DNA sequence: AGAATATACTTGATATGTCAAGTAATAGTG
DNA sequence: CACTATTACTTGACATATCAAGTATATTCT
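Next up, the structure:
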């Protein structure tokens, strides 16, 4: 066969893995806090550790700014967060976790940890390092837009 | 810090990598055939190599059946595909590539190959094997739903 | 200060992801 | 053959992804 079906590439294993992980995470998180998404849970936890702006959070979790706006709005409407303007720089948003949001974090934190452990069970530290290195290389390759060659 | 931010896990590198790859692919494909998505291009190529049913294709590329229905409908409306009922089993859909679709495949095939090469540049065969193995392990871990432990 | 840029975020349009519920056709069972 | 279960796909509702265009505020430059 002169042209291997793209699905045979390792790149599709990456897709497969991330989808499996997301599914597991969502399933387990939903069993504790129904209707929250893994993205929303992740964002809650990030905010609880620092007071990043929307844009900074978006960059942390590789999300588009547009998506971020929408996710944040949903989280506000669900009473996980409040948003006020930064008094120094009125372009920026100050995100604060509500009491309700704090309770949710308490509930979810152990499960999120467990999800990671479940996914990485029997993956040695060395393997995780290898994985990390190779993935970073691929990421870099993809970011050098000029593919003259 | 007692609870590492989830974004520090290798699992988020997986997200990062797949997003970078998708971005590169979409960017390059769009330069040749505007308005086609990488998913649609991938599906076109898969159909051109076999006559799988929708469900089978969905499984190949890890897509939900609902998404598949919608993507196929879009592809029909864009004149990439036609769909008829299988005469033997009327539940099944027969997907056929239109002339227009064939031209698009011709145009895109080299670029899709190049995208893969770009992403995997300087990743040795051995590394790809390692990557594949570790990813499969993680995928398996995530699919064993019972995380009693 | 005024103009040009840049930053932080928003909105619209369209595509896809995901769960739940539904339809039509087929297969399996008593 | 009637009944039930399964399969293949669809639809609705909602969340997120992505690009493009837009708004408001800050910053830089002249």
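Residue numbers (UniProt numbering), protein chains in the order written: chain A, 1 to 149; chain B, 1 to 149. Built from N, CA and C at the ideal position, the CB exists for glycine as well. Predicted model, so just to flag it, every value in this text is computed and none were measured.
Asked                                                                                                                                      : Found
Spatial neighbours of residue 61 (chain B) in its chain, beta-carbon cut-off 8 Å, leaving aside the 5 residues before and after            : 39, 42, 43, 46
Residue-level contact to chain A via CB, residue 130 (chain B), 8 Å cutoff                                                                 : yes
Alpha-carbon to alpha-carbon, residue 32 (chain A) and residue 120 (chain B)                                                               : 40 Å
Reference residue 139 (chain A), options B:9, B:15, B:91, closest by Cα                                                                    : B:15
Given 8 Å, three or more beta-carbon pairs between the segment 111-130 of chain B and the segment 68-86 of chain B                         : no
Sequence-distant residues of its chain with Cβ nearer than 6 Å to residue 18 (chain B) (five each side left out)                           : none
Residue 98 (chain B), DSSP secondary structure in three states                                                                             : coil
Same chain, Cβ closer than 8 Å to residue 98 (chain A), five either side skipped, listed in chain order                                    : 79, 80, 81, 82
Chain-order list of residues whose beta-carbon lies under 7 Å from that of residue 53 (chain A) (same chain, five-residue window excluded) : 92, 93
Backbone CA spacing between residue 58 (chain A) and residue 96 (chain A) [nearest angstrom]                                               : 16 Å
Reduced DSSP secondary structure (H/G/I, E/B, other) of residue 146 (chain B)                                                              : Residue placement at residue 146 (chain B) is poorly supported in this model, since its pLDDT is 44, which falls under 50; the coordinates still yield a value, given next. In the structure shown, residue 146 (chain B) sits in coil (DSSP, three-state: anything other than H, G, I, E or B).
Endpoints, beta strand (DSSP E) assigned at residue 19 (chain A)                                                                           : Element bounds for residue 19 (chain A): not the beta strand (DSSP E) but the alpha helix (DSSP H), 10-30.
Bridge partner(s) assigned by DSSP for residue 84 (chain B)                                                                                : B:94
Pair within 8 Å by beta-carbon distance, residue 135 (chain B) and residue 21 (chain A)                                                    : no
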